[in-house]
Amino acid sequence: MTVRGIVAIFILVITLGLSVGCGRSSNSEEVVLTLGAYTTPREVYSKVIIPAFQAHWKEKTGQHVRFQESYLGSGAQSRAIVGGFEADIAALSLEADIDRIARAGLITHDWKSRSRGGMVSTSIVVIAVRPGNPLKIQDWADLTRPGLNILTPDPKTSGGAMWNISAVYGAALRGFVAGVPERDHTAARDFLSKVFRNVTIMDKGARESITNFERGVGDVALTYENEVLVGQQSGQTYEYVIPQSTILIENPVALIDKHVDAHGVRPVAEAFLDFLWSKEAQQAYAQFGLRPVDPDVAEEVRDQYPPVMDLWKIEFLGGWERAVPDLFGPDGIYTQISEKRGMSQ
């Protein structure tokens, strides 16, 4: 064999070795999963659920799962995945953000066919207040007081913000705001506008918003219940008020078909999603302030969560298919309010 032939074979061997070494699941002893999530459940995934699944998978298969984790506001994370971020699993704040990924052709199966319609946890929209509630905030109507400084994230990047806006508008439309007749769309829109007159800062995500509140910014914050509970666990002394009427936040997860198949990680990705509905994972969500979807676990932790007088779902506003254009579309109710006020949208 000529020297040139030997060199060619050597180059071919090196090239094949590199191509195999670069594969996501090439090492039989390790597999890599990329999780693209919204900011709020960062602690429960990083500290409890991921380590528990790693132990579970190692015991079952002998294989170590290395996670690459990314946390952004739900809308921003959804857009990042559509824009090229190759997450294997999306764990986001709301259904509409998963649907965006599906419309882009990256999710090709019916992601709602999984347990609980693809929802792994729930929460509610609440009002975070300073220790002792010095301003005596009791319900949504109090948020229209002149001079009140309200924190809430930007719906352009945050799923939490979309939940907040939906909660305020929907509660008014349901007749649970003083002075706003039930089913009066004009009055409900006007009430939402009055609330947002007191919003001056809009952060990118729910976590950034509550972090600013912890730093002393603002009088109250619209946020997930679990954000307040996690803050209290870490030593924060703020409290929260549950309005008479508020929305049930439902948090979806989905396997991203195009990416798991390209990366060769479908079996472990499927197993991780299944694990999220296990009793162990559901108890972990509850440990970090999220309301579990498993009815048995929910019964176990029932005393952990105060009741809500009027708890409703996004279906009251027509589901996200209607709520997104009606509230956040180019001619949406919130869009018009924000443009009038010169706010970001």
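Numbering follows the working numbering, with no gaps: position 247 of the sequence shown is 1553. Backbone N, C-alpha and C fix where the C-beta goes; we use that ideal spot for every residue, glycine too.
query: Which term fits GLY1466, buried or exposed, when burial requires 16 or more other beta carbons within 10 angstroms of its beta carbon?; result: buried
query: When we look at the beta-carbon of ILE1317 and count the other beta-carbons within 10 Å, is it buried (16 or more) or exposed?; result: Interpretation of ILE1317 is limited by its pLDDT of 32, a score under 50 that renders its predicted location unreliable; the figure taken from the coordinates is listed afterwards. ILE1317 should be labelled exposed.
query: Identify the continuous alpha helix (DSSP H) that holds TRP1363 and give its terminal residues.; result: 1356 to 1367
query: So, for GLN1588: in the same chain, excluding its five sequence neighbours on each side, which residues have a beta-carbon less than 6 Å away from its beta-carbon?; result: PRO1598, ASP1600 and VAL1603
query: Classify ASP1394: buried if its beta carbon has 16 or more other beta carbons within 10 angstroms, exposed otherwise.; result: buried
query: Span of the alpha helix (DSSP H) holding PHE1584?; result: A quick correction: the sequence has Ser, not Phe, at residue 1584. No alpha helix (DSSP H) contains SER1584, which DSSP labels as neither H nor E.
query: Could you give the first and the last residue of the continuous alpha helix (DSSP H) run that contains TRP1469?; result: 1465 to 1479
query: Count the other C-beta atoms from every protein chain shown that fall within 10 angstroms of the C-beta of PRO1636, then say buried if there are 16 or more, exposed otherwise.; result: exposed
query: May I ask you to verify whether the stretch 1413 to 1422 touches the stretch 1430 to 1441, counting CB pairs closer than 8 Å and requiring at least 3?; result: no
query: With DSSP run on the structure shown, which of helix, strand or coil describes TYR1377?; result: strand
query: State the Cα-Cα distance for the pair ASP1632 and GLY1453, rounded to the nearest angstrom.; result: 29 Å
query: Please work out which residues of its chain come closer than 6 Å, Cβ to Cβ, to VAL1534, disregarding the five sequence neighbours upstream and downstream, and give them in chain order.; result: ALA1434 and TYR1546
query: Name the residue from ARG1503, PHE1359 and LEU1449 whose alpha carbon lies nearest to the alpha carbon of GLU1645.; result: ARG1503
query: Which word fits LEU1617, buried or exposed, when buried means at least 16 other C-beta atoms lie within 10 angstroms of its C-beta?; result: exposed
query: Please classify THR1463 as buried or exposed, where buried requires at least 16 neighbouring CB atoms within 10 angstroms.; result: buried
query: Can you name, in chain order, every residue of its own chain whose Cβ lies under 6 Å from the Cβ of MET1615, other than the five neighbours on each side?; result: GLN1550
query: Could you check the C-alpha separation between SER1472 and GLY1522 for me, to the nearest Å?; result: 26 Å
query: Which of helix, strand or coil does DSSP assign to GLY1664?; result: Outside the displayed range of the chain (1307 to 1651) lies residue 1664, so it cannot be described from this structure.
query: From GLU1627, SER1384, ALA1512 and ALA1577, pick the residue whose C-alpha is nearest to that of LEU1457; which is it?; result: ALA1512
query: Could you tell me the boundaries of the beta strand (DSSP E) in which VAL1547 lies?; result: 1545 to 1547
query: Have a look at PHE1581 and PHE1497 and give me their C-alpha separation to the nearest angstrom.; result: 42 Å
query: Decide yes or no for the touch test of the stretch 1556 to 1567 against the stretch 1480 to 1488: beta carbon pairs closer than 8 Å, at least 3 of them.; result: no
query: What are the boundary residues of the beta strand (DSSP E) that SER1551 is part of?; result: 1551 to 1561
query: With DSSP as the reference, identify every bridge partner of ARG1372, one or two as the case may be.; result: VAL1338
query: Per DSSP, what kind of secondary structure is ALA1527 in: helix, strand or coil?; result: strand
query: Do you know whose CA, among ALA1494, ALA1402 and VAL1630, lies nearest LYS1418's CA?; result: ALA1402
query: Pull up the distance between the alpha-carbon of THR1450 and that of LEU1378, whole angstroms please.; result: 30 Å
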